[in-house]
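Q: Using my numbering, read the sequence shown as starting at 7 and increasing by one per residue. For each residue, glycine too, the CB sits at the ideal point set by N, CA and C.
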Amino acid sequence: MANQQYPRDDHHNGPVQTLTFLYEGGGIIYFYLHPQPDRERKLVASVDITYEMPGWPTIIELAKGQPHTLVQAGALAYTQAQTEGQVNKKGKIIEAWIDGREFLTPEDLKDIVGNAFPVVLK
7 MANQQYPRDD HHNGPVQTLT FLYEGGGIIY FYLHPQPDRE RKLVASVDIT
57 YEMPGWPTII ELAKGQPHTL VQAGALAYTQ AQTEGQVNKK GKIIEAWIDG
107 REFLTPEDLK DIVGNAFPVV LK
């Protein structure tokens, strides 16, 4: 189950969790989940999402201005990773890694993707 507790030891730029999707064609895409605290700074109120592929000149914001739960953010990242794999001719996703602060858990991501590929905590 997603960890809704907002950390008290957050860094200057706030906590970040990285979801990395690997493609069968050798490509890779990174999604950065930026949890935003509630008013009391105790729980995650929403999640901002950015992503990039190596070689891209900029980081792209995904669904900016829309509030997302952690699980919704994971689902959006997965859907966008599939789309980018098709558009950039990278093939299907063969593995996912979760790195950084643990908000979205490997079990959450497995619930989102089913048994399509392995999900690894890095």
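Taking the beta strand (DSSP E) that ILE100 falls in, what are its first and last residues?
A: 99-106
Q: When you compare each of GLY97, PRO41, TYR57 to PHE109 by their alpha carbons, which one comes out closest?
A: With respect to the C-alpha of PHE109, the residue from GLY97, PRO41, TYR57 having the closest C-alpha is PRO41.
Q: Which whole-angstrom value is the C-beta distance of LEU28 and ILE99, which I expect to be below 8 Å?
A: 7 Å
Q: Relative to the C-alpha of GLU46, which candidate in VAL125, THR111, ARG14 has its C-alpha closest?
A: ARG14
Q: Among GLY33, TYR38, ILE34, which residue has its Cα nearest to the Cα of ARG107?
A: TYR38
Q: Assign GLY80 to one of two classes, buried (16 or more other C-beta atoms within 10 Å of its C-beta) or exposed (fewer than that).
A: buried
Q: Given a cut-off of 8 Å, decide if ILE55 and ALA87 are closer than it, judged by their beta-carbon atoms.
A: no
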